[in-house]
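Using our numbering, the first residue of the sequence shown is number 83, and each one after it goes up by one. Glycine residues also receive a C-beta, built at the ideal position from the N, C-alpha and C atoms. What you are looking at is a predicted structure, and each value in this text was computed from that prediction instead of being measured.
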Amino acid sequence: MAITNMIVKDYLPLSIVQGERFLNLMNTVIPDYQVPSRNTIRSRIDNLHDEQKNNLNRELKKLIHGLLRRTTFIEQSNKVSDVSTVLKDFNVTTYMSTEQHISTSQLYPIVCGLLEKSLNSSDTDNSVVRQVKSTLANEIKQRFKPTDDNIGNQTPIVASILDPRYKRLTFLDKNQS
83 MAITNMIVKD
93 YLPLSIVQGE
103 RFLNLMNTVI
113 PDYQVPSRNT
123 IRSRIDNLHD
133 EQKNNLNREL
143 KKLIHGLLRR
153 TTFIEQSNKV
163 SDVSTVLKDF
173 NVTTYMSTEQ
183 HISTSQLYPI
193 VCGLLEKSLN
203 SSDTDNSVVR
213 QVKSTLANEI
223 KQRFKPTDDN
233 IGNQTPIVAS
243 ILDPRYKRLT
253 FLDKNQS
């Protein structure tokens, strides 16, 4: 699993496990070790991806269920529809979890977009919607720390910097970029 983690975390190509120098290194360090094939590594990466996707979905469900338990708006059907408009933007987690779209570089642009556009209270929001937006925004800030002064040292931000789609870093505060 260490080789799989190295490939994923260091953004290395799968072909590294077939490289002559890598095989020589592994043979020198652990002579009897059988280096896994590309297919085995790919399978492990797919399993790791599925595991992380499931963990993310579980965490988001816990967040939403916890929010629902702490408030009494379930009985008020007219307010439920207002809250559902807030939660509809959280469908982005489905986008983030699909194999075709998963990209570390998209994490902070999406998180910052949710905080700036979807979770800002407006004058037209009722008290329940304001509470939902505030709680979700606080939970996101606590988990992802998008306003942290050391955000530039985090891997997702570095990935965003390297991704041409986000080269202007418009999702960051001017002090952070």
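Leaving out five residues before and five after residue 120 in sequence, what residues of the same chain have Cβ atoms less than 8 angstroms from its Cβ?
Taking the first residue of the sequence shown as 1, we reach residue 120 at position 38. Cβ within range, chain order: 96, 97, 99 and 100.
Candidates 206, 167, 84 and 230: which alpha carbon is nearest residue 115's?
Taking the first residue of the sequence shown as position 1, residue 115 is located at position 33. For the residues 206, 167, 84 and 230, the minimum Cα distance to residue 115 belongs to 84.
Measuring CA to CA, which of 222, 130 and 134 is closest to residue 200?
Within the sequence shown, residue 200 is the residue found at index 118, counting from 1. The candidate whose alpha carbon is nearest that of residue 200 is 222.
Sorted by chain position, which residues of the same chain lie with C-beta nearer than 7 angstroms to residue 166's C-beta, five sequence neighbours on each side aside?
Mapped onto the sequence shown, residue 166 falls at position 84. Same-chain partners within the cutoff: there are none.
Would you report the Cα separation of residue 138 and residue 132, rounded to the nearest angstrom?
Indexing the sequence shown from 1 puts residue 138 at position 56. Indexing the sequence shown from 1 puts residue 132 at position 50. The straight-line gap from Cα to Cα measures roughly 10 angstroms.
Straight-line CA distance for residue 155 to residue 225?
If you number the sequence shown from 1, residue 155 lands on position 73. If you number the sequence shown from 1, residue 225 lands on position 143. Note that residue 155 scores 48 on pLDDT, short of 50, meaning its location in the model is unreliable and no value can be drawn from it.
Might you give, ordered along the chain, the residues of its own chain that have their beta carbon closer than 6 angstroms to the beta carbon of residue 248, omitting 5 neighbours on each side?
Here residue 248 refers to the residue found at position 166 when the sequence shown is read from its first residue. Cβ within range, chain order: 191 and 242.
Should residue 227 be labelled buried (16 or more other beta-carbon atoms within 10 Å of its own) or exposed?
Working through the sequence shown from its first residue, we reach residue 227 at position 145. Exposed, since its Cβ has fewer than 16 Cβ neighbours within 10 Å.
Relative to the C-alpha of residue 146, which residue among 234, 208, 125 and 168 is closest?
Sequence index remark: in the sequence shown, residue 146 carries index 64 (1-based). Per the Cα distances, 168.
With a 10 Å radius around its C-beta and 16 neighbouring C-beta atoms as the bar for buried, classify residue 134 as buried or exposed.
As a working note, residue 134 is residue 52 in the sequence shown. It is exposed - the Cβ of residue 134 has fewer than 16 other Cβ atoms within 10 Å.
In chain order, what residues of the same chain have a beta carbon less than 7 angstroms from the beta carbon of residue 105, not counting five sequence neighbours either side?
Taking the sequence shown and counting its residues from 1, one reaches residue 105 at position 23. These residues qualify, in order along the chain: 117.
For residue 126, which residues of its own chain have a beta-carbon under 8 angstroms away from its beta-carbon, when the five flanking residues on both sides are left out?
The count along the sequence shown starts at 1 and reaches residue 126 at position 44. Here the set comprises 83, 86 and 118.
Ends of the alpha helix (DSSP H) at residue 102?
Within the sequence shown, the letter at position 20 stands for residue 102. Here the alpha helix (DSSP H) through residue 102 covers 102-111.
Please state whether the Cβ-Cβ distance between residue 90 and residue 149 is less than 8 angstroms.
Here residue 90 refers to the residue found at position 8 when the sequence shown is read from its first residue. Here residue 149 refers to the residue found at position 67 when the sequence shown is read from its first residue. Going by C-beta atoms, residue 90 is not nearer than 8 angstroms to residue 149.
How many angstroms separate the CA atom of residue 113 from the CA atom of residue 103?
Counted from its first residue, the sequence shown places residue 113 at position 31. Counted from its first residue, the sequence shown places residue 103 at position 21. Rounded to the nearest angstrom, the two C-alpha atoms are 14 angstroms apart.
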